[in-house]
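All residue numbers in the sequence shown are consecutive under this note's numbering, ending with 342. Ideal Cβ placement from N, Cα and C applies to all residues, glycine included.
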Amino acid sequence: MSRRSIYPIFLPHAGCPHRCIFCAQVLTSACVCQPDPAATLESLRVSLPQNGDGELAFYGGSFTLLTEIEQECWLELGAGLLAAGRIAALRISTRPDAVTPAIAKRLAAAGVATVELGCQSFDPEVLRRAGRGHGAAAAAQALPLLRAEGIAVGLHLMPGLPGADAGEALHSLRMALALQPDFLRIHPTVVLRGTALENLYESGEYTPLSLSAAVQLGAAMLRRAHAAHVPVIRFGLMANENLDSGAAVVAGPYHPAFGQLIRSRLWFERISLLAERGDRFFRLHPADLADVFGQHRSNFNELNNCYGPLTYECSETLSRETIESAGVFYSLFSEKD
Numbered sequence: 006m007s008r009r010s011i012y013p014i015f016l017p018h019a020g021c022p023h024r025c026i027f028c029a030q031v032l033t034s035a036c037v038c039q040p041d042p043a044a045t046l047e048s049l050r051v052s053l054p055q056n057g058d059g060e061l062a063f064y065g066g067s068f069t070l071l072t073e074i075e076q077e078c079w080l081e082l083g084a085g086l087l088a089a090g091r092i093a094a095l096r097i098s099t100r101p102d103a104v105t106p107a108i109a110k111r112l113a114a115a116g117v118a119t120v121e122l123g124c125q126s127f128d129p130e131v132l133r134r135a136g137r138g139h140g141a142a143a144a145a146q147a148l149p150l151l152r153a154e155g156i157a158v159g160l161h162l163m164p165g166l167p168g169a170d171a172g173e174a175l176h177s178l179r180m181a182l183a184l185q186p187d188f189l190r191i192h193p194t195v196v197l198r199g200t201a202l203e204n205l206y207e208s209g210e211y212t213p214l215s216l217s218a219a220v221q222l223g224a225a226m227l228r229r230a231h232a233a234h235v236p237v238i239r240f241g242l243m244a245n246e247n248l249d250s251g252a253a254v255v256a257g258p259y260h261p262a263f264g265q266l267i268r269s270r271l272w273f274e275r276i277s278l279l280a281e282r283g284d285r286f287f288r289l290h291p292a293d294l295a296d297v298f299g300q301h302r303s304n305f306n307e308l309n310n311c312y313g314p315l316t317y318e319c320s321e322t323l324s325r326e327t328i329e330s331a332g333v334f335y336s337l338f339s340e341k342d
C-alpha cells in the first residue's frame with residue numbers, strides 16, 4: 006500500500022469508556038491535555054502544505070465514542086482542510102467494539118479513509134486481564150462494516166500483555182491476518198509509569214518481555230505478516246522525550262528504533278543461513294546496509310566472530326530486502342537457504 010504522510014492530532018483518552026491497564030496516553034503522546042479545535046486549526050493552516058496528499062489523523066482515544074458534537078467538530082475541521090486541498094483524507098483510531106453500520110457510513114461521508122482498530126489481542130483471557138472490555142470477535146465484526154464503506158482498516162496488536170506468551174502473540178497474529186487488514190501496527194507491551202500494569206509489575210505479578218525476546222518475537226511476526234502480504238507500518242511505541250529519557254518507562258522492551266532492531270535480526274538470521282554453508286561474499290542494496298550491519302555494528306561483529314570475515318558489496322541494481330550470494334538472490338524474509 007502507498008504511504009501517505011500522517012499529521013497526528015492526539016486526543017489522549019478521549020472517548021475511552023475506561024482506562025486499560027497498560028495505557029498512559031499522556032506519556033506516549035507527549036500531549037498533556039485535550040487540544041482546542043480552533044487553536045489546532047490555526048496551527049494546521051500554518052504547518053500543512055498548500056497542496057497536501059497526507060492524512061490528518063485523530064489518535065490517542067476512541068474517536069467514535071466521543072460525543073456526536075465532539076466528533077462533528079473534529080470532522081468538520083478536517084472537512085475544511087480537505088476542501089481546501091491541504092490534506093487528502095482523514096484517519097482515526099478507535100476500539101473495535103465502537104463501530105456500527107451507521108458510524109461507518111458517517112465516517113466515510115466525512116472523508117475518513119482509514120480507521121485503526123485497537124485489537125491488542127485475539128485471546129479472550131488476555132483481553133479480560135488487560136481490561137479491554139470487548140471480546141475477541143469485535144474486530145471481525147467491525148472490519149467488514151468499514152470495508153463496505155470503502156474505508157481501509159489497520160489493526161493494532163500488543164504482544165506481551167499479562168497472561169500472554171509467544172504462542173498467544175502468533176495466534177493473535179494469525180487471527181488478525183485472517184481478516185486481511187490493510188496494515189498492522191505491533192507494539193510490544195511496555196510498563197509505563199502511572200498505569201495499573203506498573204502496580205502488577207511492582208508486585209511481581211507481571212513480567213514484561215525482555216528486549217531480546219521482543220525482537221525475536223517481532224521478527225517472527227514480521228516474517229509471517231510479509232508472507233500474508235500485510236504490511237507492518239510500525240513496530241514499537243513512537244519515540245518521544247518522555248519515553249527516551251526513561252521518565253515514562255518502568256520496564257519492558259522500549260527502544261526508540263525498535264523496528265530497526267527487528268529488521269537487523271532478520272538480516273542476521275538470513276546471512277547466518279548463508280554463511281553456515283560457506284558463503285562469504287554478499288551483495289545488497291545500499292539502503293539496507295545499516296540494517297544488515299546492525300546498531301553499533303552488532304550484526305557485523307557477531308557474524309564475523311561466528312563465521313570469519315564476511316565481505317559486502319552494495320549495488321542499487323538490487324531490490325530492497327534482497328541479498329545476492331554466489332549469483333543467487335534471496336529474500337530477507339525467507340527462512341530457508
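Option in the options with minimal Cα separation from residue i
i      : options                           : result
Cys124 : Ala252, Leu166 and Gln55          : Leu166
Gly140 : Phe127, Pro54 and Ala256          : Phe127
Ile156 : Arg137, Leu178 and Ala114         : Ala114
Asn310 : His231, Phe273 and Asp41          : Phe273
Ile343 : Gly313, Arg239, Tyr64 and Pro314  : The shown model of the chain, from 6 to 342, leaves out residue 343, and the question about it has no answer.
Leu266 : Ala224, Val158 and Pro106         : Ala224
Pro106 : Gln146, Val117 and Gln76          : Gln146
Glu60  : Thr69, Pro42 and Leu80            : Leu80
Val196 : Gly332, Ala43, Gly66 and Leu242   : Leu242
Tyr174 : Thr194, Arg288 and Gly159         : Residue identity check: residue 174 is Ala in the sequence provided, not Tyr. Closest by alpha carbon: Thr194.
Ala144 : Val104, Asp170 and Ala171         : Val104
Ala19  : Arg190, Thr72 and Gly332          : Thr72
Val237 : Pro291, Ala183 and Leu160         : Leu160
Ala142 : Phe298, Leu184, Ser98 and Glu207  : Leu184
Pro101 : Val51, Leu82, Glu77 and Phe68     : Phe68
Ala331 : Ala292, Ala256, Ser277 and Arg288 : Arg288
Ser48  : Ala256, Leu86, Lys110 and Asp58   : Leu86
Leu323 : Pro314, Gly299 and Ala292         : Ala292
Glu281 : Pro314, Gly299, Phe298 and Arg268 : Pro314
Gly172 : Pro186, Met226 and Thr212         : Met226
Classification of residue i by the beta-carbon crowding that lies within 10 angstroms, buried from 16 upward
i      : result
Asp296 : buried
Ala262 : exposed
Gly283 : exposed
His301 : exposed
Leu148 : buried
Gly304 : Rather than Gly, the amino acid found at residue 304 in this sequence is Asn. Burial call: buried.
Asp249 : exposed
Leu21  : It should be noted that the sequence gives Cys, not Leu, for residue 21. Buried: at least 16 other Cβ atoms inside 10 Å.
Gln55  : exposed
Val254 : buried
Ile74  : exposed
Met6   : Low confidence applies to Met6: its pLDDT is 49, below 50, so where it sits in the model is not reliable, and the reading given next is rough at best. Exposed, since its Cβ has fewer than 16 Cβ neighbours within 10 Å.
Phe158 : Before going on, a small fix: residue 158 reads as Val here, not Phe. Classification for Val158: buried.
Phe334 : exposed
Presumed contact (8 Å Cβ cut-off) between residue i and residue j, rounded CB distance
i      : j      : result
Val235 : Phe188 : 7 Å
Thr316 : Phe286 : 5 Å
Leu205 : Ala181 : About 25 Å; that fails the 8 Å criterion.
Leu70  : Gln39  : That belief does not hold up - the Cβ atoms of Leu70 and Gln39 are roughly 14 Å apart, past 8 Å.
Gly136 : Ala84  : Not quite, the Cβ-Cβ distance comes to about 34 Å (not below 8 Å), so this is no contact.
Ile11  : Ala62  : 5 Å
Leu178 : Ala230 : 7 Å
Glu329 : Arg228 : Going by Cβ atoms, the distance from Glu329 to Arg228 rounds to 20 Å, so no, they are not a contact pair.
Thr327 : Ser336 : 6 Å
Leu122 : Pro164 : Their Cβ separation, rounded to whole angstroms, is 17 Å, which puts Leu122 and Pro164 out of contact at 8 Å.
Leu82  : Leu46  : 5 Å
Gly264 : Arg239 : 7 Å
Leu308 : Ser269 : Contact doesn't hold; Cβ gap of about 11 Å is too wide.
Residue i: CB within 8 Å of a non-hydrogen atom of the ligand FMN
i      : result
Ala233 : Within the structure as shown, the ligand FMN is missing, as the structure has no ligands at all.
Quick one: any contact between the segment 212–221 and the segment 143–153, if contact means 3 or more CB pairs under 8 Å? Under the Cβ criterion (8 Å, minimum of three pairs), the segment 212–221 does not count as touching the segment 143–153.
Quick check on the DSSP output: what are the complete beta strand (DSSP E) runs of length 3 or more inside the segment 207–294, in order along the chain? Entirely contained in the segment 207–294, the beta strand (DSSP E) runs reaching 3 residues are, in chain order, 237–240, 254–256 and 286–289.
With three or more C-beta pairs closer than 8 Å as the rule, is the segment 19–30 touching the segment 195–210? The segment 195–210 makes contact with the segment 19–30, as at least three CB pairs between them are under 8 Å.
Quick check: the segment 87–94 against the segment 130–149, are at least 3 beta-carbon pairs closer than 8 Å? No contact exists between the segment 130–149 and the segment 87–94.
Return the chain-ordered ranges of every alpha helix (DSSP H) run that is complete within the segment 20–79 and spans a minimum of 4 residues. Counting only runs that start and end inside the segment 20–79, the alpha helix (DSSP H) elements of at least 4 residues fall at 30–34 and 42–52.
Sequence ranges, beta strand (DSSP E) only - wholly within the segment 73–153, length at least 3: As far as the segment 73–153 is concerned, its whole beta strand (DSSP E) runs of at least 3 residues are 94–99 and 117–125.
What ranges does the alpha helix (DSSP H) occupy inside the segment 153–207, keeping only unbroken runs of at least 4 residues that lie completely in it? If we require 4 residues or more, the alpha helix (DSSP H) runs fully inside the segment 153–207 come out as 171–183 and 201–207.
Which runs of the alpha helix (DSSP H) fall wholly inside the segment 293–330 and span at least 4 residues, in chain order? The qualifying runs are 294–298 and 303–312.
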